[in-house]
Amino acid sequence: MKYFLQRIAFYLFTAWAAITLNFFIPRLVPGDPVQSLIAKFRGQLSTEAINSLYVLFGLDDDKGLWAQYIDYWKQLFQGDLGLSFTFFPSPVSEIIGDALPWTVTLVGITTVISFLIGTGLGVFAGWRRGSWTDGLLPVTTFFSSVPYFWLGIIAIYLLTGPDSFFPSSGGFDSALVPAWDQYFIPSAIQHSLLPALTILISSVSGWILSMRNMMVTVSSEDYITVAHAKGLSERRVAVSYAARNALLPNISGFALSLGFIVGGTLLVEIVFSYPGLGFILLQALGAKDYPLMQGIFLVITISVLVANLLADLAYLLLDPRTRKEG
Amino acid sequence: MEPVLEIRNLNVEYGLGDKAVRAVRDVNLTLHRGEVLGLAGESGSGKSTLAYGLTRLLAPPGVITGGEVIYHPEKSDPYDVLGLSDKALRAFRWAETAIVFQGAMNSLNPVHKISTQLTDVLKAHDPKMSEHSRNARAREMLKLVGIAADRMDAYPHQLSGGMRQRVMIGMALILQPQVVIMDEPTTALDVVMQRQILGQLIELRERLGFSVIFITHDLSLLVEFSNRIAIMYGGRIVEEAPANTIYRDALHPYSKGLLSSFPALRGPRRELAGIPGSPPDLAGMPSGCSFHPRCPKAFEPCSTHIPVLGRPDSPDGAARSVACWLHPTEQPVG
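Pasting the structure below:
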C-alpha cells in the first residue's frame, strides 16, 4: 500500500511537470495565436476586435507569467482548455470530446484484440517451437516492420473503390447524423473495419514475436523442468508455469501501448481521414492552432501516465516479487 | 535386496546424426529398495544426463538412443519407464520417482505461492482429493521438513535458499514416491545448511523408506551419506562399490584421484592431489578407456580396448564392480 501511494505521488508529480511544460512551451515560441488569427482573417479585424481577442485568449499584457500560470490551472480544473482557432469559436474541450471517442474505440479495441490474439499465438508458437509454427516467424517479422500507414495505403489501393464494401475514408457515411441508431452504428463499424484491420495486422506480429521469445526463454527455467517432472499436464505447465511468467514483460508493453492509443496511430487516422484525435492534431498543426495542440498533448500526456500507472498496478497483481512487505 | 529401479544399457545422445554427442554410454545400474546410491563424477561426466534420461526429462536435443529403465512397483509387475505412453508417464512422474533439482534458487515458480505449488501436484495426480485435504497434506509436508505451516502463503522470493530447498524436498515426498533423485541438491547452499538438509533427508528416508539416487561431484558427502557409490567418467560408470569400500580401497585410478582431491576429516594426514588434465570432450572421446590420457597407470591395452564393467578378480570382489584393465574382470555385470 505504501508502495502504491509512492507511485501515485510520483505520477502526480510527473503530471504536474508535464502540464507545466505544456503551459510554458507555447509561450516561449515567438508570435502569438492572435497574430495568426489576424493573418487568418486577412486584416479584416478591427482594433477593438483584436483587443477583445487578446482578452479572450488571456493574453492581455497586464498579467504576469505567474498570474497566467495560476489562471491556466484554474481553467484546467474547470475543464476549460481555451478556444480553438481552426474551429473558432468552438472550445478545445468540445473538439477533443468529439474526436476522442472515435480514436479510443477504434484504436483501443484493436489494441486489446491485437494483444490478446498476439499473446495467445505467441504462447502457442513459443511452446511448440521447432514445429511448423516457426514458419510463421518470417511473416510476422515482415508485418511487424511494416509501418501502419503504408499498410493502410496498400489496403485503400487494393480494397476500396466505387463498388467495394469498404469505404476509403471517414468514420461514418456522410449522409448520416451521429446517433445511437440502427443506421449510424453499422455505418460506423463498416468504416472502422479497414483501419482496424490495418492496425491489427501490423501490431499483432510484434506481440507474437515478443511473447514467443519470452516463452522460449522461460521454457529453459528450472521450474519448468520441475513442473514437467511433477507430472502436471502439458496444458498446466504451458499456461500456469511458462506463459504466466513469460507474460510479465508483455504486460508492461501492453500498458505502454494503451498510452499510445491516443497519439500513436495518428498516421492511420490521417490515411483513412478518420475523425479521431490524430486527424484533428494534423489540422491543428497546419493552422498553428496552439490551444488545440496544447489540449491534445495534455490528453496524450495524461493517457500515457494513466497507462503507466495501470502497468504498475498490473505488475503488483501479477508479480509477487514487486510487492513489498508491510 | 530387491531392486526398485534397474537401468540397463542406457544410452543418451545430444543431437542427431554424425554430430551427436554421446553423454551416457551403456550404463548399467541398479537401485535397491531403501538404499542411498551415490553417483559421483566431474562436471560433464554424464551424471545429471543419466538422471534426466531415466525420468525422460531430457530437454531437446537430448535423446535416449537405447536401453531400458525397469521400474519395480511395490505391489505390481515391473515395467519399462522408457516405453510408457505420455499419459502413463505423467502418472508415473513424481508419484513413483520425484526429483530434487540442482538449482535450489530457481526450482520454484516465482509467481505462485508455495501452497499452490505443493497442491497442484496433488491435484494432477488425484483429481478427486478435496481442497481441504490437499492443503492439509501440504502443511504436513512443510512440517516434515521443518518449515512453519504459516509459510504456506509465502512466495518463493520470501524464503531463504535453504528453506526453498526444504520446500522442494517436502514437495518431492508429497506423493510418497519409491525413488527420490537428488541432483546436486545442496550445491547452491552453504556447508552448514548442506549438512543439515542431508541429515534431515537421511532421517526422513529411514522413516518413510524411499530409495535415493544422490548425484554430486562432492565425493566426501557421498562417502558420508550413501550406502553405495557409482563413479562416472566420460558417460560410463567406471566403478561401483559400497561407500566404505570405495573410500578405503578404490580400484579405478580415477576414483583414487577423486578421493585424494579432498581432505579427510579424521584419520592420518595425507597429501592432497588433483587429477591432472581435464575432463574428456564428449564429442571426441579418446579410444579405448576414455581415462587413459590422464591415467598415471595406463599401459598397453588401455588406449585400444574399452574395459568392461565387471567383478574384479579380488577376494572380496562379490559386491563391487570396476571397468579397468588393471583389474581384469571375470564376467560382465548387468
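Protein chains in written order, with the UniProt record's numbering: chain D, 1 to 326; chain V, 1 to 334. Glycine included, every Cβ here is placed at the ideal spot set by N, Cα and C.
>> With a threshold of 7 Å on Cβ separation, who are the neighbours of L84(V) within its own chain once the five nearest residues in sequence on each side are excluded?
In response: F92
> Beta-carbon of L189(V) versus every beta-carbon of chain D: anything under 8 Å?
Replying inline: no
> Does any residue of chain D bring its CB to less than 8 Å from the CB of A95(V)?
Replying inline: yes
>> If we define contact as Cβ-Cβ less than 8 Å, is H228(D) a contact residue for chain V?
In response: yes
> Anyone know if the C-beta pair for V145(V) and G161(V) falls short of 8 Å?
Replying inline: no
>> List, in chain order, every chain D residue whose beta-carbon is nearer than 7 Å to that of residue 335(V).
In response: Coverage of chain V is limited to positions 1 through 334, which leaves residue 335(V) absent and any answer about it impossible.
>> Rounded to whole angstroms, what is the Cα-Cα separation between F10(D) and A17(D)?
In response: 11 Å
>> Quick test of the definition: if touching needs 3 or more C-beta pairs under 8 Å, does the segment 207 to 222 of chain D touch the segment 116 to 128 of chain D?
In response: yes
> Under 8 Å between the Cβ atoms of P259(V) and Y247(V)?
Replying inline: Note on identity: in this sequence residue 259(V) is Leu, with Pro being the wrong assignment. Going by C-beta atoms, L259(V) is nearer than 8 Å to Y247(V).
> Do you know offhand how far I117(D)'s Cα is from L136(D)'s?
Replying inline: 14 Å
> Unbroken alpha helix (DSSP H) runs of length 4 or more, entirely within the segment 38 to 82 of chain V: which are they?
Replying inline: 47 to 54
> Of all the options Y315(D), W132(D), N22(D), which has the alpha carbon lying nearest to the alpha carbon of Y290(D)?
Replying inline: N22(D)
> Rounded to whole angstroms, how far is the Cβ of A15(D) from the Cβ of L305(D), which I believe are closer than 8 Å?
Replying inline: 6 Å
> In whole angstroms, what is the alpha-carbon distance linking G41(V) and V216(D)?
Replying inline: 31 Å
>> Let me check understanding here. Comparing Cα to Cα, which of L282(V), S261(V), R22(V), L118(V) lies closest to P276(V)?
In response: S261(V)
>> If you measure between the beta carbons of I19(D) and L298(D), is that distance less than 8 Å?
In response: yes
> CB-CB under 7 Å to P177(V), same chain, minus the five flanking residues each way: which ones, in chain order?
Replying inline: W94, A95, E96, T97, A98, F210
>> Below 8 Å on the Cβ atoms is my contact criterion, and I expect A23(V) with G235(V) to pass it. Report the Cβ-Cβ distance as a whole number of Å.
In response: 5 Å
> Quick check: the segment 67 to 79 of chain V against the segment 120 to 130 of chain V, are there 3 or more CB pairs under 8 Å?
Replying inline: no
>> Give me, in chain order, the residues of the same chain whose beta-carbon lies closer than 6 Å to that of L310(D); leave out the 5 immediate sequence neighbours on both sides.
In response: A255
> So what does DSSP say about F77(D), is it helix, strand or coil?
Replying inline: helix
> In chain D, what lies closer than 7 Å to R137(V) by C-beta?
Replying inline: In chain order: nothing, as chain D lies at least about 14 Å away.
> So which residues on chain V does Y223(D) lean against when the C-beta distance must stay under 7 Å?
Replying inline: N106, S107, L108, N109
> Pairing CB atoms from the segment 8 to 22 of chain V with CB atoms from the segment 200 to 208 of chain V, are three or more of them under 8 Å?
Replying inline: no
>> Taking the alpha carbon of G171(D) as the reference point, which residue from L151(D), A284(D), V55(D), V268(D) has its own alpha carbon closest?
In response: V268(D)
> Between F225(V) and R137(V), what straight-line distance do the alpha-carbon atoms span, to the nearest angstrom?
Replying inline: 28 Å
>> Determine, for N213(D), whether the minimum Cβ-Cβ distance to residues of chain V falls below 8 Å.
In response: no
> For F225(V) and chain D, any beta-carbon pair shorter than 8 Å?
Replying inline: no
> Grouping DSSP H, G and I as helix and E and B as strand, with all else coil, what is G326(D)?
Replying inline: Unreliable placement is indicated for G326(D), whose pLDDT of 40 sits below 50; no coordinate value is reported for it.
> Just the Cα atoms here: how many angstroms apart are L239(D) and P138(D)?
Replying inline: Sequence inspection shows Val at residue 239(D); the Leu mentioned does not correspond to that position. The alpha-carbon atoms of V239(D) and P138(D) are separated by roughly 25 Å.
> In the segment 222 to 255 of chain V, which residue ranges form an unbroken beta strand (DSSP E) of at least 3 residues, counting only runs that do not cross its ends?
Replying inline: 228 to 233, 236 to 242
> Under the DSSP definition of a beta bridge, which residues are partnered with E6(V)?
Replying inline: T30(V), I70(V)
> Apart from the five residues on each side of it in sequence, which residues of its chain come closer than 6 Å, Cβ to Cβ, to I113(D)?
Replying inline: none
> Considering only the beta carbon of each residue, do residue 335(V) and V81(V) sit closer than 8 Å?
Replying inline: This structure does not reach residue 335(V), given that chain V is present from 1 up to 334, and the question cannot be answered.
> Expressed to the nearest angstrom, what Euclidean distance is found between the alpha-carbon atoms of W120(D) and G17(V)?
Replying inline: Note that residue 120(D) is Gly in the sequence shown, not Trp. Roughly 35 Å separates the two Cα atoms.
> Opposite residue 374(V) in the DSSP bridges: which residues?
Replying inline: In this structure chain V extends from 1 to 334, so residue 374(V) is not present and cannot be described.
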